[in-house]
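J.: For what it's worth, the numbering used here labels the leading residue of the sequence shown as 1, then goes sequentially. We put the beta carbon where it would ideally sit given N, CA and C, even for glycine. Next up is a structure, given as structure tokens.
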Amino acid sequence: MGFLDAILGRSKPVRPDLDQLFALPSAAVTLQAAADFEATGVGSVCFASVEGGAFARIQEEARALLDGSVEFSTDAYGYTWLLVRHSPQDVAGLVNDLHAVNTSLEEAGFGPQLLCSLLGFRDARQRSLALVYLYKRGTFYPFAPKQEGGERRDNPLELQMRAMLGDDLTIENDLARWFPVWGAPGL
Numbered sequence: 001m002g003f004l005d006a007i008l009g010r011s012k013p014v015r016p017d018l019d020q021l022f023a024l025p026s027a028a029v030t031l032q033a034a035a036d037f038e039a040t041g042v043g044s045v046c047f048a049s050v051e052g053g054a055f056a057r058i059q060e061e062a063r064a065l066l067d068g069s070v071e072f073s074t075d076a077y078g079y080t081w082l083l084v085r086h087s088p089q090d091v092a093g094l095v096n097d098l099h100a101v102n103t104s105l106e107e108a109g110f111g112p113q114l115l116c117s118l119l120g121f122r123d124a125r126q127r128s129l130a131l132v133y134l135y136k137r138g139t140f141y142p143f144a145p146k147q148e149g150g151e152r153r154d155n156p157l158e159l160q161m162r163a164m165l166g167d168d169l170t171i172e173n174d175l176a177r178w179f180p181v182w183g184a185p186g187l
């Protein structure tokens with residue numbers, strides 16, 4: 001960062017640290033012990049759509065990497081979601097797969113298209129919760145859609161989870177960056 005950048009208030013973007021994903025199994029234990037939220041065994045990676053042959057190559061590489069246990073979908077905003085399923089007890093295996101997908105996309109030159117990864121949880125009252133990793137910020141945040149349907153969030157639950165997970169994960173401080181991921185596979 002140069003002198004002019006400092007004067008103008010510009011800062012270097014945070015370099016993504018995909019190894020932070022490996023903190024998710026510890027966070028899953030905290031969620032289960034303190035709030036009765038259990039992992040669903042479903043996780044996903046979201047990235048901006050890639051056109052043509054590059055997208056076909058990404059699909060084939062992901063299927064080969066994960067032994068075919070991967071699904072692709074496109075949301076209403078045109079983003080591509082890659083969904084991975086594991087046993088709910090195998091959070092570490094799921095995180096390894098999400099890390100491998102993110103790493104392979106980054107190494108293939110698609111790092112700028114990566115948006116987020118998420119890991120799904122549910123409690124006994126069937127409330128959904130996702131721990132979302134913002135690729136470009138290197139931080140996590142909880143996302144909890146309300147059960148009633150529609151696009152409404154359970155903000156008190158999200159704030160409770162933020163306080164609970166502060167020792168396990170690097171939580172995004174800017175609440176304006178806690179983007180809703182409506183209809184995300186894995187919720």
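1) Are the C-beta atoms of Ala-124 and some chain B residue less than 7 Å apart?
2) Cα separation between Arg-63 and Gly-183?
3) Classify Pro-25: buried if its beta carbon has 16 or more other beta carbons within 10 angstroms, exposed otherwise.
4) What would DSSP say about Val-70, mapped onto helix, strand or coil?
5) Please classify Arg-85 as buried or exposed, where buried requires at least 16 neighbouring CB atoms within 10 angstroms.
6) In the segment 23-78, which residue ranges form an unbroken beta strand (DSSP E) of at least 3 residues, counting only runs that do not cross its ends?
7) In terms of residues, what are the limits of the alpha helix (DSSP H) holding Thr-103?
8) Should Cys-46 and Tyr-79 be called a contact, given that it needs their Cβ atoms to be closer than 7 Å?
9) Roughly how many angstroms lie between the CA atoms of Thr-139 and Glu-51, to the nearest whole one?
10) Excluding the 5 residues flanking Ser-261 on each side, which residues of the same chain have their C-beta closer than 7 Å to its C-beta?
T.: Per the coordinate set shown:
1) Among the chains in the structure shown there is no chain B, since it carries only a single protein chain.
2) One-based indexing of the sequence shown puts residue 63 at position 63. One-based indexing of the sequence shown puts residue 183 at position 183. Cα-Cα distance, rounded: 23 Å.
3) Position 25 of the sequence shown holds residue 25. Using a 10 angstroms sphere on the CB of Pro-25, the tally of other CB atoms reaches 16 or more, which defines it as buried.
4) By 1-based counting over the sequence shown, the position of residue 70 is 70. Looking at Val-70 - three-state DSSP - the assignment turns out to be strand.
5) Indexing the sequence shown from 1 puts residue 85 at position 85. Under this definition Arg-85 is a buried residue.
6) For the segment 23-78, whole beta strand (DSSP E) runs of length 3 or above, ordered along the chain, are 38-48, 70-74.
7) For the purposes of this step, residue 103 is taken as the residue at position 103 of the sequence shown. Here the alpha helix (DSSP H) through Thr-103 covers 91-105.
8) In the sequence shown, residue 46 corresponds to position 46, counting from 1. In the sequence shown, residue 79 corresponds to position 79, counting from 1. For Cys-46 and Tyr-79, yes; Cβs fall inside 7 Å.
9) As a position in the sequence shown, residue 139 is number 139, starting the count at 1. As a position in the sequence shown, residue 51 is number 51, starting the count at 1. Each residue's alpha carbon lies about 28 Å from the other.
10) Within the shown structure, residues of the chain are numbered from 1 to 187, placing residue 261 beyond reach of any answer.
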